[in-house]
Each structure stands twice: as C-alpha cells, then as structure tokens.
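J.: There's a structure below that I have some questions on.
2 protein chains.
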Amino acid sequence: MFDFEFYAPTKVFFGKGKQKDIGKIISNYGYKKIMLQYGKGSIKQNGLYDEIITSLAQNNIEVVEMGGVEPNPKIQFVREAVKLAKSENVQLVLAVGGGSVIDTAKYTALGAVSDCDVWDFVVGKQKPKSALPVGCVLTIAAAGSEMSWSAVVSDLSVNMKRGLASDLIRPLFAVCNPELTYTVSPYQTACGISDILAHTIERYFTPCDDVDITDGIAESILRSVISAANVVMKEPDNYEARANIMWASSLSHNNLTGCGRINALPVHQLEHALSGEFDSVAHGAGLAMLFPAWAKYVYTYNIARFARFARNVWGVNNADDKAAAEEGIKAMSEFFKSIGMPSTLQDFGISNDSIERLVELCTFGNTRTINSVISLGETEIREIFKLCTL
Amino acid sequence: MFDFEFYAPTKVFFGKGKQKDIGKIISNYGYKKIMLQYGKGSIKQNGLYDEIITSLAQNNIEVVEMGGVEPNPKIQFVREAVKLAKSENVQLVLAVGGGSVIDTAKYTALGAVSDCDVWDFVVGKQKPKSALPVGCVLTIAAAGSEMSWSAVVSDLSVNMKRGLASDLIRPLFAVCNPELTYTVSPYQTACGISDILAHTIERYFTPCDDVDITDGIAESILRSVISAANVVMKEPDNYEARANIMWASSLSHNNLTGCGRINALPVHQLEHALSGEFDSVAHGAGLAMLFPAWAKYVYTYNIARFARFARNVWGVNNADDKAAAEEGIKAMSEFFKSIGMPSTLQDFGISNDSIERLVELCTFGNTRTINSVISLGETEIREIFKLCTL
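Protein chains in written order, with numbering that gives the first Met the number 0: chain E, 0 to 389; chain F, 0 to 389.
In structure tokens:
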C-alpha cells in the first residue's frame, strides 16, 4: 500500500426533495449573496429552477445568475462568469447541474479571487492560492465533480480540453437527490454510468500491487453500479437504482477507490483529447468506447489483475487467468454496448483519418507518455485508437 | 435507501513515517500553540514522543502537555485538561494515541471554549456550540475516533460511560502510520480488530432494507479486516495487514458503511454498560463477547440478512438461509475466539450475578429500549447477557 492523503470534506445532503433545503443550507453557512450557475435551461422546464429560486428567496439569499453552461464547459464562459462574480462580489458559487456546471463553478470560484486569467491555472502558469466556496445541486450522476478536487475545461480556439486538481475546489457541500435524475435521457444516463465506472476502473488498474481494502471497495462499487445500470435502463424512475448510481458517482471520484494506489486517470487523458477535438463527443461515451480498446491492448501486461477484475466485477468463472481476463474484457465491452454506448469511432461519425490528430493531442505533440498498466506513448496510443475502429 | 448526510472532513495523512511531519502539518494550518495529550507513557518508551516533540519544536509550535489518559477515558481528567487548555490559551488539541486519547482530546476541545462543565454535554444538559480543532497521531487501529463525530467518556463516581456525537468534534486531521501499531500487544490488536468489525457490523444490521452500494462496501471492508487479522496475529509487523486494518478503522466509523441505512450502534450500548461498570473490560473485548450472543438472540428476526452476512462476509456456502445464518454466527464467534477474545462474562472474571446490574445500566433503569434488529428492552438484554455465560 502506497502512502496517501485522503481528504473529502464535502458535506453531502443525500435524499428525496433535498434541493428544497438549498436556501437553508447556504444560509446555515452564513452566505448572503451567491452566483447561481446552470446549463441550457432544462432546470427551468422541469421545475427545479423554481424550487431553487424559491428556497433561496425564502432564506433572503441574493442571487446573481449565469445560466447557459455547455457540455464540455468552455473557458470563455468561465471568464464571463469570473468578471460578473467579481463585480457583484458574490460569496459562493452554486452549481445546479452535472459535471460541466460544477466544473464551471469551480473555475469561476478560482477566478473570482485571482488576478490572473483562469486559463493560467489550467496550463500551470499560475498556482491557485484561494477560491470562493462552491456548492452544488446534482442533476446527473456521472462526473463525480460534486466530491472531487478536479475540474476540466475546454478552449475551443486551441482545441484543448484540460484538467486541474486542487483541494481548493472541493465543493463545500453537495445536494444529491436521485429523483432529479429520473428525467435524464437513456443516452446521458448511460454516459454517466460509463464515467462512474471509468473513475474506479482507472484507479483499479494503475500500476501497483493489490491494495486489499481499496480493491475490495472498488469492486463492490463497480458491481453495484453495473447491477443498478441494468435496472435503470429499463426503469428510469427506480429510486434505489438511481440512488446507488448517484452515490457511486461521488465515491468513485473522491479518491476512496484510489487510496494506497498510484493515482492517475490514464484513459481519461485519451478521452479528453477525443472530446477536446470533437465537441459533440460526450465524455462518458468516449470513455465507454476507449476502455475495452485500452484493455484489449494492455491486459497481457498484467493478466492476473485483469483476471481478478473479470472474476470479482463481471462474475467470470474461468479458472485460467488469461481466458478469464479476456472474458472480463468481453463482458465489459458488451455491457457498454447493452446500455447504448458507442464502441467505434465510426459510431461517433469520426473518420479513422482523425487518429493521427488524436495521437498528437494525447501526447501533447509527442512530448509526453501516459502511465497506465504500461507506459502509453505515440505507438501505443495509436494502436488503442485503431482498436476503436474494429 | 434512507436519506442521509455524509460528512467526513478529516484530512488523513496515511503512510510510513508520517508522524515526523506533524509539526509541518500543524504549522500549515497556522497554529502556534497546542495541547499535546497522550496515554500512560508507552510513546515515551518507543521513541514516538521524541519524534513528535522534535517535529513540533522544528516548526516553532509551543506545547502544553497533558499525558496520562487512561483507557475508558475519565471525565475528571478531561476537566483538568480543559482548565489547562483555557489558562494556556491553546489553539488545537493534539491526541497521540488511540480512541481513549482522541476522545479525551475531543471533550477537551469542546470544554476549552465553553463555560459549562463538559459532563453537561454528555448528559444532554447543554448543546455544544463550538470546539477547538483536534488533530491526532493514531497509535492503535480500533475506535475509528480519528474520523468519527463521536466520543465516549466515563464518570466512575456514578459508574457511567456515555457518548456524544457532534460534527464539531470531527478531527481536523489524522496522521495514520501503520508502523506505529507494530508494537501493539496481540490482545490489544485483537480488541481493536473487534471494535473495527463491530462498527461496520452494527450498521449492517440496523433494521432497514438492503442498501446495495453501502452493504457491498461494508462486506468488503469486513472481509478485508478478517483477512488482515489472520495475518497480523501471526506477523505483527506485516505492513500491508496493519495498513488494511488501520484504514478500515477510519472507514468503519466515519459512517461510510452506514450511508442510506438507519444509523445506530445498538450493541455498543450494551458494551458501554459493561465497561462502564467494569473498568478493566477493554471495549473491543466486550464487543467481541457480546456480538455472537446478540446475533444468536436476534438472528431469527431477519434470517435473510444474517444469511447474506454469512455468505458475503464469512464465505458460508449453505443454500439454506437459516442454516447459513447459523453457520455465519458460528464463524464469527470462532473468529473472535481465534484472535484471543473472551467469549463469556466468566472469561472477564465477571460473576453472572452482575447481569441484573448490567441490564439496569443498559436500559437506564428500564427507561429506554435499544433499537437493534429488534427492539431490545430489559427482557431481551437480560437474555443476551445470559448467552454470554454459556
């Protein structure tokens, strides 16, 4: 077991109708003026916006609004939000939405108390020193940003999607009501499930020895998500299934499933290149395509681990390690297909000719390798993307 | 899944040699003057005290010492510590030890910023409003106090051992180095293991429906502790086993294994009466005796759950639920015996005549029942203690 730090200070309010307490929750922290961020307006159609505004008003909390966050959130939007947060002197940024909205809120929170451009933090030119508190009302179980220390943002002008990690942007609180996810489309639900699984599978395969307690927790969370996924794709308003998936979202990315292991999200790096280049690619869908391809390419380098994964997560019974590993990868691949995820670049409408550009983006122009089960350089990443064409 | 709040803000610094960073850690938080609490001096013999003092001095942190905390910590000691903490204006209470020392630090932290007697918080006469921050360097994996919101304390003058729960006393940070537990005696190691298992088993059996994700995590943590226990009783300096047990200690009592379930520690109530009355009873040993007795008494009221417990935790293979449940209880009972835990009152040197007194203490003089798999009143508690005589 490697040394680790575990820090998950976000207070989670989990359960039915909890969004109606938002005003009281913020008021209890002592904040009086906040910025409210949300996406393209679905929360206005389904009544959530009204519930939030009502609760905030009842608790005399002044609201500065900044709706319209896009999927794969954009730095340009963040810059506008930062400007407004500064001029209005807001005390907290409240995200009502999924990972894109929460990530936007995190960058806004950093920018609002900084003098430099927020992109400077993303590319490492500046180190963040403080941030406004961020709160969230989660509307889709996926990114795990509600309890994580990371956030991603894109700059379309340079086709870059990059991430940042800092304890400063761990949300102060997260309001998680599984009922709010009943109306998430089957496709988006499946993307979310893929993202959740990915966060734990990534950590599970970082190159280090088994860590009994962490690996067991990871496997149990994966089994729980897979089982709930099979229910929720048929019954979108099954509370128990939605609740298991939503709580798994938070636990899969607050690093519980990485404690004592090397901490990295290698396949995410490949996906960020993909959805950075092709804005229409949903992050979870990109991951669902990439994981089986990545696994097929790397599993021979740690057959025992892939066999364990197959047996403990996918219920594979084969006593032969190599055969078990292969069955496990097949089961994972079939699972992603069964919930409607794409399995090839063609499924996304992306030409195979794009592979070289993707390799270039993944490797930052052949200047880095990505440490996965093995080190992934140009050659390896090219082969993995080629496996996404079969 | 029931609604829940999850809040585990303690920052955990886990790994080899981490205690040597204690001065830097405290200094990073900005504290300059602290109270250092510890037990009966074993830390002076094994060098830990010197490491702590050196690191604090290197970081110019002024130290007010209060050693001598006893197992089953006493309110009289806390009162002395509070007096000193107030007169010295310390900013943080640092516990170097196990649950008893950390619990003492928690009460000291509450008392240091309050005008009333600390016992008023324990018996509910006053509600705590603030507390000094508490930090800890863990030297025994057991109570889980390093990440919990609870603390127990005894007043021998009235033979009472009682607990208190408040977010105010969740430690700010916990330094967890498994190496520090190499020298814990086999008996104390086993007591700690029993306490860890108890914290998760209690939550696992509270009377509510299955919560897939939480139950899976609980089962995997239990399996991990049992497996590590079998190693560590033979190899006390096995790092991996000590590390799995130590991390399980924190995860078993920060309520991760209770999310979405009814939250209660019913068998702990029986044990608190026992070690409140008999100060020589180690908390974990008391629990190890009580759990099989309690299980034998209540399992018929939820056979399916006990069968699941038997299969998923103890590896029982019996397809018949009742038989599986019984085999699981037997396996648990044998496990506790195998690590050297007492299984009867006689093993503690306690006469069967004490049962009536214990029943009286558990029920606060027949004024309460304890909600377990079933509601435990005078009659039920008496029967459970009688099962501790067989």
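Think of the CB as a built atom: it goes at the ideal place given N, C-alpha and C, for glycine as much as any other residue.
1) At what residues does the beta strand (DSSP E) containing S149(E) begin and finish?
2) For the beta strand (DSSP E) that L131(F) lies in, which residues bound it at each end?
3) Leaving out five residues before and five after G98(E) in sequence, what residues of the same chain have Cβ atoms less than 7 Å from its Cβ?
4) Can you confirm whether N317(E), when its beta carbon is compared against all beta carbons of chain F, has any partner nearer than 8 Å?
5) Taking 8 Å as the cut-off, decide whether the C-beta atoms of F172(F) and G134(F) are in contact.
6) Taking the runs of the alpha helix (DSSP H) that are 4 residues or longer, which of them lie wholly in the segment 168-254 of chain F?
7) Taking C-alpha atoms, which residue in Q18(F), M331(F), L264(F) lies nearest to S374(F)?
8) Report the CB separation of V394(F) from L131(F) in whole angstroms; it is logged as a contact under 8 Å.
9) Ends of the alpha helix (DSSP H) at L286(E)?
10) Mind checking which residues open and close the beta strand (DSSP E) that includes A7(F)?
11) Could you list which residues in chain F have their beta carbon closer than 7 Å to that of N243(E), in chain order?
12) Thinking just about the alpha-carbon of each residue, which of G348(E), F308(E), N262(E), P235(E) is nearest to the one in I192(E)?
13) Between the alpha carbons of A272(F) and L155(F), how many angstroms are there, rounded?
14) CA-CA distance, N229(E) and I383(F)?
15) Could you name the residues of the segment 1-12 of chain F whose beta carbon sits closer than 9 Å to any beta carbon of chain E, in the order they occur along the chain?
16) Give the DSSP bridge partners of V89(E), in chain order.
17) For a contact defined as C-beta to C-beta under 8 Å, what are the partners of R222(E) on chain F?
18) To the nearest whole angstrom, what separates the beta carbons of A281(F) and C190(F), a pair I think is in contact under 8 Å?
19) Does the beta-carbon distance from L221(E) to L196(E) come in below 8 Å?
20) Between A142(E) and chain F, is there a C-beta pair that is closer than 8 Å?
21) Are there 16 or more other CB atoms within 10 angstroms of the CB of C258(F), so buried, or fewer, so exposed?
22) Taking the alpha-carbon of K160(F) as reference, which of E377(F), T366(F), L357(F) has the nearest alpha-carbon?
23) Under 8 Å, CB to CB, which of the residues in the segment 251-268 of chain F have a partner in chain E?
24) Hey, quick one: how far does the beta strand (DSSP E) through L344(E) stretch, first residue to last?
25) Does the beta-carbon of G14(E) have 16 or more other beta-carbons within 10 angstroms, so that it is buried, or is it exposed?
26) Looking at the C-beta of A130(E), does it have a partner C-beta in chain F at a distance below 8 Å?
27) With I33(E) and V62(E) assumed to form a contact (beta carbons below 8 Å), what rounded beta-carbon distance in angstroms separates them?
28) What's the gap between the Cα of S226(F) and the Cα of S332(E)?
29) How many Å lie between A94(E) and I168(E) at the Cα?
30) Using the Cβ count rule (16 or more neighbours within 10 Å means buried), how would you classify G96(F)?
31) Closer than 8 Å, Cβ to Cβ, to anything on chain F: give me those residues from the segment 14-40 of chain E, in chain order.
32) Which two residues bound the contiguous alpha helix (DSSP H) that contains M34(E)?
33) Could you pull out every residue in the same chain whose Cβ sits closer than 7 Å to the Cβ of L163(E), ignoring the five residues on either side in sequence?
34) Name, in chain order, the residues that DSSP records as bridge partners for A406(E).
35) Using only CA atoms, which one of L289(E), F335(E), E276(E) lies nearest to F363(E)?
36) Between V297(E), R304(E), W246(E), which lies nearest to I380(E) when the distance is taken from Cα to Cα?
T.: On the basis of the supplied data:
1) 149-154
2) It is not in any beta strand (DSSP E) - L131(F) carries neither H nor E in the DSSP assignment.
3) Exclusion of the five residues before and after G98(E) leaves A141, A142, S144 as the residues of its chain whose Cβ lies within less than 7 Å of its Cβ.
4) no
5) yes
6) 185-203, 211-231, 238-250
7) That would be L264(F), whose Cα lies nearest to the Cα of S374(F).
8) Absent from the structure is residue 394(F), since the part of chain F shown begins at 0 and ends at 389.
9) 282-297
10) 3-13
11) D211, I212
12) P235(E)
13) 12 Å
14) 42 Å
15) F1, D2, F3, E4, F5, Y6, A7, P8, T9, K10, V11, F12
16) Note: V89(E) sits in no beta bridge, so no partner.
17) G215
18) 5 Å
19) Yes, these two residues count as a Cβ contact at 8 Å.
20) no
21) buried
22) L357(F)
23) Within the segment 251-268 of chain F, the residues whose Cβ lies closer than 8 Å to some Cβ of chain E are L255, C258, G259, listed in chain order.
24) L344(E) -> no beta strand (DSSP E), and no H or E assigned at all.
25) buried
26) By this cut-off, A130(E) is not an interface position.
27) Sure, about 6 Å apart at Cβ, within 8 Å.
28) Their backbone Cα atoms lie some 32 Å apart in a straight line.
29) 13 Å
30) Within a 10 Å sphere around the beta-carbon of G96(F) sit 16 or more other beta-carbons, which makes this residue buried.
31) G14, K15, K17
32) Per DSSP, M34(E) belongs to no alpha helix (DSSP H); it is in the beta strand (DSSP E), 32-37.
33) F120, V121, S149, A150
34) Outside the shown range of chain E (0 to 389) lies residue 406(E), about which nothing can therefore be said.
35) Closest option to F363(E), Cα to Cα, is E276(E).
36) V297(E)
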